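Input: a single structure, listed below in structure tokens.
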Amino acid sequence: MQLIKQFFYGDYDAMKVAGNPADAAATPSVATQEWPIWEVFVRSKQGLDHKHVGSLHAADAAMAIENARDVYTRRQEGISIWVVESKYIHATNPDEAESLYEPAADKVYRHPTFYELPIELKHI
Amino acid sequence: MNIYWNQQWPAHIQYALFLADNALILAQQHSKWCGKGPILEQDIALSNIALDYLGQARNFYQLAAEELNQLEGVQFYTEDSLAYHRTDRNFVNLLLTELEQPNWGHCVLKTFLYSSFASLVFQKLMHIQAGELTAIAEKSNKELAYHKRWSQDWVIRLGDGTAESNTIMQQALNQIWPYAGECFIPANFETVFWQNHPSFFHELEKEWMDYLQTIFTEATLQLPAKQAWQTGGKQGIHTEQMGYVLAEMQYLQRTYPNSVW
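Following this line, the structure appears as structure tokens:
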């Protein structure tokens with residue numbers, strides 16, 4: 000059983016090369032003229048995590064950062080941007096969701112609900 | 000007497016109008032590309048830049064309007080009247096800003112030339128005591144730094160790209176370059192405005208040209224042979240293009256005077 004499987008978020012270029020991302024990077028297909036897709040993560044303020052906000056097209060990392068700035072932070076949404084090419088994201092297989100996630104459903108004792116948190120603690 | 004342009008106005012008001020006109024006309028030309036960019040992300044980028052320039056124009060017009068009302072003892076000038084009621088002979092923008100933008104190469108090259116030129120001017124404004132002008136320059140310079148980086152990337156990307164992109168970029172440069180020199184050939188109001196800094200235009204030309212040369216070399220673009228610069232914009236003598244720009248931009252206010260939202 001394969002637990003970790005790579006999904007291609009619309010990046011058909013990489014999908015055709017199939018499998019090893021390194022191969023995909025080394026031999027870009029000339030069949031499609033589309034720029035690759037990048038996933039964008041934005042940190043809204045100091046101290047918070049980078050959150051996934053969406054994706055976009057860009058020819059390279061530098062352009063992806065600039066596009067992300069123009070597309071996702073034009074209303075003061077963030078102070079820091081990460082981008083990663085979509086083909087480098089590995090995801091769990093939805094077909095295996097049952098075995099992966101459902102066993103946790105009946106284990107309430109794993110939740111920290113039996114503690115009282117100080118009011119000063121935020122974002123937990 | 001022409002109520003919308005007067006050589007006798009203080010130089011700093013004329014200079015504010017010059018900076019406002021540059022930003023407004025460039026914003027207008029860029030905004031025509033809204034919805035027509037080569038890819039969604041870049042369409043948004045150029046529209047953002049157009050809005051940045053519109054914002055800069057508003058700041059400079061508001062300042063000019065306030066000072067003109069004070070000077071003439073009237074309540075006549077507003078940012079809108081300065082933008083929509085003046086004719087081409089009243090506009091003192093650089094010819095560079097009004098040139099048409101038939102392809103993406105022209106869009107990025109015009110942005111590149113103007114933003115790199117303007118950021119040098121604005122940096123200098125930040126180092127002298129020019130009151131409100133200094134404040135607006137400081138705010139605008141952050142935007143210009145981004146425009147410069149964005150357009151510089153594109154000039155290099157397309158210049159040093161494929162044979163086709165290089166050809167189109169080189170053609171754009173050949174067409175636009177004769178209009179670059181006007182940036183550092185001072186008009187009367189500029190000479191007066193910078194009178195305490197007599198070497199300003201000389202330094203500006205040198206620093207700007209060195210920078211442009213560096214980028215064009217990296218982009219494998221050739222500067223056209225030295226030729227006479229096209230000038231006249233700062234004196235209100237514009238290219239044919241300016242009439243079309245104003246006709247479209249001012250249409251509503253000309254047809255329905257003083258209409259509001």
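These protein sequence lines are chains A and B, in that order. Straight run, no breaks: the first sequence in numbering that gives the first Met the number 0 ends on number 123. Straight run, no breaks: the second sequence in numbering that gives the first Met the number 0 ends on number 260. Don't be surprised by glycine CBs; every beta carbon is placed ideally from N, CA and C. Note that the structure is a prediction, hence the values are computed from the model and not measured.
1. Compute the Euclidean distance between the alpha carbons of Gln55(B) and Tyr113(B), then round it to the nearest angstrom.
2. Below 8 Å, can you find three or more Cβ-Cβ pairs linking the segment 101-111 of chain B to the segment 170-178 of chain B?
3. Taking Cβ to Cβ, would you say Gly231(B) is nearer than 8 Å to Leu23(B)?
4. On the three-state DSSP scale, how would you describe Gly53(A)?
5. Any C-beta of chain B sitting closer than 8 Å to the C-beta of Ala30(A)?
6. Near Glu206(B), what residues of its chain come up, given a Cβ to Cβ distance below 8 Å and the 5 sequence neighbours on each side ignored?
7. If we cut at 8 Å on Cβ distances, does Ala44(B) have a partner in chain A?
8. Does DSSP classify Glu119(A) as helix, strand or coil?
9. Report all residues from its chain with a CB closer than 7 Å to the CB of Ala64(B); omit the five preceding and five following residues, and keep chain order.
10. Within 8 Å of any Cβ in chain B, is that where the Cβ of Leu99(A) sits?
11. To test your reading of the DSSP string, which unbroken beta strand (DSSP E) runs of 3 or more residues are found completely within the segment 43-91 of chain A?
12. Kindly indicate if chain A contains any beta-carbon less than 8 Å away from that of Asp51(B).
13. Between the alpha carbons of Trp34(A) and Leu120(A), how many angstroms are there, rounded?
14. Specify the secondary structure class of Trp37(A) as computed by DSSP and reduced to three states.
15. Between His122(A) and the rest of its own chain, which residues show a CB-CB distance below 7 Å, the 5 nearest in sequence each way excluded?
16. Is the segment 138-147 of chain B touching the segment 191-208 of chain B, taking contact as three or more C-beta pairs under 8 Å?
Result, derived from the coordinates:
1. For this step, residue 55(B) is matched to residue 56 along the second sequence. For this step, residue 113(B) is matched to residue 114 along the second sequence. About 13 Å.
2. In short, these stretches touch, since the Cβ pair count reaches three.
3. As a position in the second sequence, residue 231(B) is number 232, starting the count at 1. As a position in the second sequence, residue 23(B) is number 24, starting the count at 1. Not in contact: Gly231(B) and Leu23(B) (Cβ atoms no closer than 8 Å).
4. Here the question's residue 53(A) lines up with position 54 in the first sequence. Here Gly53(A) sits in strand by DSSP.
5. Here residue 30(A) refers to the residue found at position 31 when the first sequence is read from its first residue. With a pLDDT of only 48 at Ala30(A), under the threshold of 50, the placement of this residue in the model should not be trusted; the figure read from the coordinates follows. Cβ-Cβ to chain B under 8 Å: no for Ala30(A).
6. Counting from 1 along the second sequence, the entry for residue 206(B) is found at position 207. Excluding positions up to five away in sequence, the list reads Leu119.
7. On the second sequence, residue 44(B) is found 45 positions in, with the first residue counted as 1. So yes, Ala44(B) belongs to the interface.
8. As a working mapping, residue 119(A) is identified with position 120 in the first sequence. Coil at Glu119(A), not helix or strand.
9. Within the second sequence, the letter at position 65 stands for residue 64(B). Tyr76, Thr77, Glu78 and Leu81, listed in sequence order.
10. Position 100 of the first sequence, counted from the first residue, corresponds to residue 99(A). By this cut-off, Leu99(A) is not an interface position.
11. 49-56, 79-84 and 89-91
12. As a working mapping, residue 51(B) is identified with position 52 in the second sequence. For Asp51(B), the answer is no, since every Cβ of chain A falls outside 8 Å of its Cβ.
13. Here residue 34(A) corresponds to residue number 35 of the first sequence, with the count starting at 1. Here residue 120(A) corresponds to residue number 121 of the first sequence, with the count starting at 1. Spanning the two alpha carbons is a distance of roughly 43 Å.
14. Counting from 1 along the first sequence, the entry for residue 37(A) is found at position 38. It is a strand residue.
15. Looking up residue 122(A) in the first sequence gives position 123. The answer, listed in chain order, is Leu47.
16. no
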